[in-house]
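K.L.:
Numbering (the working numbering), first residue to last: 14 to 226.
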């Protein structure tokens, strides 16, 4: 292509490119501004791991990135979570005393979707879905020289949660949540030893304090 032909093509192309750019409008970022990382501390109570048991304390930590698309009202958190709960109970089984101690640790990866509450600019409602593993450590101490039984096991866990979050500043939030962790498990060590049947749909309620960066 000669110099004159090249110039002629450029003379047509530049106005076309400029017109196309004006038609599209100024370029805008896909993601909204704001904080993009959260760390949360959780504390609350959980239903017993055994049918008919009481409540016990549960504590946890969640960390992960957050993002929001500019044209949508929702914000998303992708969270790596660890939580632990411990409980003890004692009683009689066939006339013999026993003491039971259990601790479990949940390791989950969760997606949280938050939407603003109309009329309350600082408050968001959210739903959360998580998948992971629950590792359980169980000890049964039986009287009459029957000895101590120990067991540990790991099983899949599904986490379903609903909650409210209030942003008290750009970098700090507080919230409350309720969650359900359905499990499909065989009878545990305690089930065989002292007829303590496992609870397959454990409910928990907790508060959380979040730090946003």
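Beta carbons are placed, not taken as given, at the ideal position from N, Cα and C, and that holds for glycine. Predicted model only: the values in this text are computed from it and were never measured.
(1) Going by beta-carbon coordinates alone, are residue 141 and residue 192 separated by less than 9 Å?
(2) Whole beta strand (DSSP E) runs in the region 88 to 169 with 3 or more residues, listed along the chain?
(3) Name the two residues that bound the continuous beta strand (DSSP E) containing residue 64.
(4) Under the rule that 16 or more other beta-carbon atoms within 10 Å means buried, what is residue 131, buried or exposed?
(5) Rounded to the nearest angstrom, what separates residue 154 and residue 185 at their Cα positions?
(6) Would you check if the distance between the CB atom of residue 226 and the CB atom of residue 51 is smaller than 9 Å?
(7) Using only the alpha-carbon positions, how far apart do residue 80 and residue 125 sit?
(8) Among 206, 117, 70, which residue has its Cα nearest to the Cα of residue 106?
(9) Quick check on DSSP: helix, strand or coil for residue 209?
(10) How big is the Cα-Cα spacing for residue 62 and residue 213?
(11) Taking just the CA atoms, how far does residue 77 sit from residue 112?
(12) Are the CB atoms of residue 145 and residue 119 nearer to each other than 9 Å?
(13) Using the C-alpha atoms, what's the distance from residue 172 back to residue 75?
(14) With which residues is residue 218 paired in a DSSP beta bridge?
(15) Judging by CA-CA distance, which residue of 53, 179, 94 is the nearest neighbour of residue 134?
(16) Skipping 5 residues on each side, what residues in its chain have a beta carbon closer than 6 Å to that of residue 216?
(17) What is the rounded straight-line gap between the Cα of residue 223 and the Cα of residue 98?
(18) Return the chain-ordered list of same chain residues with a C-beta closer than 8 Å to the C-beta of residue 49, the five sequence neighbours on each side being excluded.
(19) Exposed or buried, residue 65, counting other C-beta atoms within 10 Å across all chains shown (16 or more means buried)?
(20) Give me the Cα-Cα distance between residue 101 and residue 86, rounded to the nearest whole angstrom.
(21) Cβ of residue 138 within 9 Å of Cβ of residue 90?
P.N.:
The answer reads as follows:
(1) Within the chain shown, the letter at position 128 stands for residue 141. Within the chain shown, the letter at position 179 stands for residue 192. In this structure, residue 141 lies near residue 192, with their beta-carbon atoms less than 9 Å apart.
(2) Counting only runs that start and end inside the region 88 to 169, the beta strand (DSSP E) elements of at least 3 residues fall at 88 to 106, 109 to 130, 133 to 155.
(3) Within the chain shown, numbered from 1, the residue matching residue 64 stands at position 51. It is not in any beta strand (DSSP E) - residue 64 carries neither H nor E in the DSSP assignment.
(4) As a position in the chain shown, residue 131 is number 118, starting the count at 1. Classification of residue 131: exposed, given that the 10 Å Cβ count is below 16.
(5) Looking up residue 154 in the chain shown gives position 141. Looking up residue 185 in the chain shown gives position 172. Going from the Cα of residue 154 to the Cα of residue 185 covers about 44 Å.
(6) Stepping through the chain shown from its first residue, residue 226 is reached at position 213. Stepping through the chain shown from its first residue, residue 51 is reached at position 38. Taking 9 Å as the Cβ cut-off, residue 226 and residue 51 qualify as a contacting pair.
(7) On the chain shown, residue 80 is found 67 positions in, with the first residue counted as 1. On the chain shown, residue 125 is found 112 positions in, with the first residue counted as 1. Spanning the two alpha carbons is a distance of roughly 11 Å.
(8) As a working mapping, residue 106 is identified with position 93 in the chain shown. Comparing Cα positions, the closest option is 206.
(9) Sequence index remark: in the chain shown, residue 209 carries index 196 (1-based). In the structure shown, residue 209 sits in coil (DSSP, three-state: anything other than H, G, I, E or B).
(10) Within the chain shown, the letter at position 49 stands for residue 62. Within the chain shown, the letter at position 200 stands for residue 213. Cα-Cα distance, rounded: 8 Å.
(11) As a first step, residue 112 must be located in the chain shown, where it is residue number 99. As a first step, residue 77 must be located in the chain shown, where it is residue number 64. Between residue 112 and residue 77, the C-alpha separation is close to 39 Å.
(12) Within the chain shown, the letter at position 132 stands for residue 145. Within the chain shown, the letter at position 106 stands for residue 119. Contact: yes.
(13) To locate residue 75, count along the chain shown from 1; it is residue 62. To locate residue 172, count along the chain shown from 1; it is residue 159. Using only the alpha carbons, I get a separation of about 13 Å.
(14) By 1-based counting over the chain shown, the position of residue 218 is 205. BP columns for residue 218 point to 58, 191.
(15) Residue 134 sits at position 121 when you count from the first residue of the chain shown. Per the Cα distances, 179.
(16) Taking the chain shown and counting its residues from 1, one reaches residue 216 at position 203. For residue 216, where only same-chain residues beyond five positions count, the Cβ hits under 6 Å are 60, 193.
(17) Position 210 of the chain shown holds residue 223. Position 85 of the chain shown holds residue 98. In this model, residue 223 and residue 98 are separated by some 20 Å (Cα to Cα).
(18) Here residue 49 refers to the residue found at position 36 of the chain shown. Excluding residues within five positions, the ones whose Cβ falls inside 8 Å are 78, 79, 80, 226.
(19) Here residue 65 refers to the residue found at position 52 when the chain shown is read from its first residue. Residue 65 comes out exposed.
(20) Position 88 of the chain shown holds residue 101. Position 73 of the chain shown holds residue 86. If I take the Cα positions, the gap works out to 44 Å.
(21) As a working note, residue 138 is residue 125 in the chain shown. As a working note, residue 90 is residue 77 in the chain shown. Result no, Cβ atoms of residue 138 and residue 90 do not sit closer than 9 Å.
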